[in-house]
Amino acid sequence: FLKDVYTSSGLTTQQLAKMVDVHPRSLLDWKKEKLTLSLRAAEIFCEKFNLHLPEEKEVLILRWKTAQQKANAIG
-14 FLKDVYTSSG LTTQQLAKMV DVHPRSLLDW KKEKLTLSLR AAEIFCEKFN LHLPEEKEVL
46 ILRWKTAQQK ANAIG
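Set out below in structure tokens:
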């Protein structure tokens, strides 16, 4: 999804991060799949660059919650 965002926008990491109000390092972590992309950021990218989420919103939210629970259990 983020590859499509970079391709569609033609913007830098810093510009994209500013658009969704996160630190550029967070955006790079999303790109490397170290952290999960926030729903708010995904929706902003979809709206700005006429993209679609790779899956249904509910499926993504469930996956993100599951990933967060696993990370919390490790921590």
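Residue numbers (my numbering): -14 to 60.
Ideal placement from N, C-alpha and C gives every residue a C-beta, glycine not left out.
Owing to the predicted nature of the structure, the values given are computational and were not obtained by experimental measurement.
### For Phe30, the first and last residue of its enclosing alpha helix (DSSP H)
Leu24 to Phe34
### Query
Do you know offhand how far Arg25's Cα is from Ala58's?
25 Å
### Task
For Leu20, I'd like the list of residues in its chain whose CB is within less than 8 Å of its CB, leaving aside the five on either flank, ordered along the chain.
Ser11 and Asp14
### Query
Rounded to a whole number of angstroms, what is the C-alpha to C-alpha distance between Leu38 and Cys31?
7 Å
### Beta-carbon contacts of Ile29 that lie in its chain and below 7 Å, excluding the five residues immediately before and after
Met4 and Val5
### Residues near Asp(-11) in its chain [Cβ-Cβ closer than 7 Å; skip 5 each side]
Leu36
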